[in-house]
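Note sheet for the following structure.
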Amino acid sequence: MRGTNTPVVLVVEDEPLLRLFASDMIEEAGFEVLEASDASAALVALEERRDIRVVFTDVDMPGGIDGIMLAMRIRNKWPTIQIIITSGRPWPEEAVVPPDIPFFSKPYRQDRVLDAVRKMAA
23 MRGTNTPVVL VVEDEPLLRL FASDMIEEAG FEVLEASDAS AALVALEERR DIRVVFTDVD
83 MPGGIDGIML AMRIRNKWPT IQIIITSGRP WPEEAVVPPD IPFFSKPYRQ DRVLDAVRKM
143 AA
């Protein structure tokens, strides 16, 4: 699919089954999906692929960089990339995350996540 006009979404999730679930859900909605198991792998993907439009990231991940820190790095380095955050924990303090980044609690409703992805990838 590379080289097409299909929007690219990067799914960042350390739990393999949850990553597979999210990737399948987004891919079945018509998007090209890249996967990363942690923030470091996500940053590598972002450096290598300039066509990523949306990053869908979990908060809690191994490796010292969580999803909030990843979102802030993306916002600073690639301000045009849209970000969606998900977690099994409550929404983080508002002061930490820009208000325009949507948050979905796990388990999330697929239709709501896909609506957000579609709007952000347009």
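Residue numbering for the sequence shown follows our numbering, beginning at 23 and increasing consecutively.
Glycine included, C-beta positions come from ideal geometry on N, C-alpha and C.
Alpha-carbon to alpha-carbon, residue j and residue i
i	j	result
residue 125	residue 113	7 Å
residue 140	residue 74	13 Å
residue 23	residue 53	Confidence at residue 23 is low in this model, with a pLDDT of 45, below 50, so its placement is unreliable and the value that follows should be read with caution. Roughly 9 Å separates the two Cα atoms.
residue 138	residue 83	22 Å
residue 38	residue 67	17 Å
residue 85	residue 27	33 Å
residue 122	residue 97	11 Å
residue 128	residue 93	18 Å
residue 29	residue 102	13 Å
residue 51	residue 87	29 Å
residue 120	residue 144	20 Å
Within 7 Å, strictly: CB atoms of residue i and residue j
i	j	result
residue 133	residue 108	no
residue 31	residue 55	yes
residue 135	residue 90	no
residue 59	residue 36	yes
residue 104	residue 142	yes
residue 33	residue 57	yes
CA nearest to the CA of residue i, picked from the options
i	options	result
residue 71	48, 120 and 100	100
residue 106	73, 44, 27 and 28	44
residue 110	87, 94, 131 and 65	131
residue 41	27, 52, 29 and 64	64
residue 69	87, 51 and 95	95
Chain D within 7 Å of residue i, Cβ atoms only
i	result
residue 56	Note that chain D does not occur in the displayed structure, where there is just one protein chain.
Which residues DSSP lists as bridging residue i, in chain order
i	result
residue 32	56 and 77
Segments of 3+ residues assigned as beta strand (DSSP E) that fall wholly inside the segment 42-125:
The segment 42-125 contains, as complete beta strand (DSSP E) runs of 3+ residues, the segments 54-58, 74-80 and 104-109 (chain order).
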